[in-house]
Amino acid sequence: PVNDNDPVFTSAAAASIDENQTVVHTLTATDADLPAQAVGFTITGGADQGRFSIDGSNQLIFNVAPDYENPVDAGTNNVYEVEVTANDGNGGTTAQTINVTVNPLNDNDPVFTSGATPTVAENTTSVVTLSATDDDLPAQAVSFTITGGVDSGLFQIVGNELQFIAAP
């Protein structure tokens, strides 16, 4: 038999995964030559090739899980580019560029920036203007809720202001 067919990728040339994950997808390809040929895969290029590996199950994986808020791809835009070559072991090869888009998760808790122990003048209701930051991207609005405490029934939140319901 003549080995005159190159492998053909059947796995997608684009993938989308959530940040903090390593597995991109399983690489697959077919080869029309007979007898049937096992197809292997290697990383052969791409602007971000050093960030990827292929495991023993032909899964394209990130070496280090990507962090959406701190992209390290060549374009710093959370789209990683890697070229993978399928090889039939008998001289037939095909390269495919794969673009991997990393999606953000809400994985950072808000951090209060307003004071935790305000001093309040008597006969006033205003306690403190609440403020907090959240490192998740894209930027997210932070809202406030009273969730507990032995004196929680004495307070309310109006806008971003913690207030006594009745002035002490």
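Counting in this note's numbering, the sequence shown runs from 870 upward without gaps.
Idealized CB from N, CA, C, for every residue including glycine.
Delimiting residues of the beta strand (DSSP E) encompassing ASP976 | Locating residue 976 in the sequence shown gives position 107, counting from the first residue. Looking at the DSSP string, ASP976 is not in any beta strand (DSSP E), and its letter there is neither H nor E.
ILE967 burial status per 10 Å Cβ neighbour count (16 or more: buried) | Position 98 of the sequence shown, counting from 1, holds the residue named residue 967. By the 10 Å Cβ count, ILE967 comes out buried.
Inter-residue spacing [alpha-carbon to alpha-carbon] between TYR949 and VAL971 | The sequence position of residue 949 within the sequence shown is 80, counting from 1. The sequence position of residue 971 within the sequence shown is 102, counting from 1. Looking at the two C-alpha atoms, the distance is approximately 8 angstroms.
Can you grab the Cα-Cα spacing for the pair THR911 / PRO876, in whole Å?
-> As a first step, residue 911 is located in the sequence shown; it is residue number 42 there, counting from the start. As a first step, residue 876 is located in the sequence shown; it is residue number 7 there, counting from the start. When rounded, the distance between both Cα atoms is 13 angstroms.
Do VAL941 and PHE921 have their CB atoms nearer than 8 angstroms?
-> For the purposes of this step, residue 941 is taken as the residue at position 72 of the sequence shown. For the purposes of this step, residue 921 is taken as the residue at position 52 of the sequence shown. For VAL941 and PHE921, no; Cβs fall outside 8 angstroms.
Does the distance from the C-beta atom of PRO1007 to that of GLU888 stay below 8 angstroms?
-> Residue numbering aside, residue 1007 sits at position 138 when the sequence shown is read from its first letter. Residue numbering aside, residue 888 sits at position 19 when the sequence shown is read from its first letter. No; because the gap between Cβ atoms is not below 8 angstroms, this pair is not in contact.
Using the rule of at least 16 other Cβ atoms within 10 Å of the residue's Cβ for burial, across every protein chain shown, is VAL980 buried or exposed?
-> Your numbering for residue 980 matches position 111 in the sequence shown. Its Cβ having fewer than 16 others within 10 Å, VAL980 is exposed.
So what does DSSP say about GLN918, is it helix, strand or coil?
-> Residue mapping note: residue 918 aligns to position 49 of the sequence shown, counting from 1. Residue state, collapsed to three classes: helix.
What does a CB cutoff of less than 8 angstroms around THR879 pick up in its chain, not counting 5 residues either side in sequence?
-> Indexing the sequence shown from 1 puts residue 879 at position 10. Contacts found: THR897, ALA898 and THR899.
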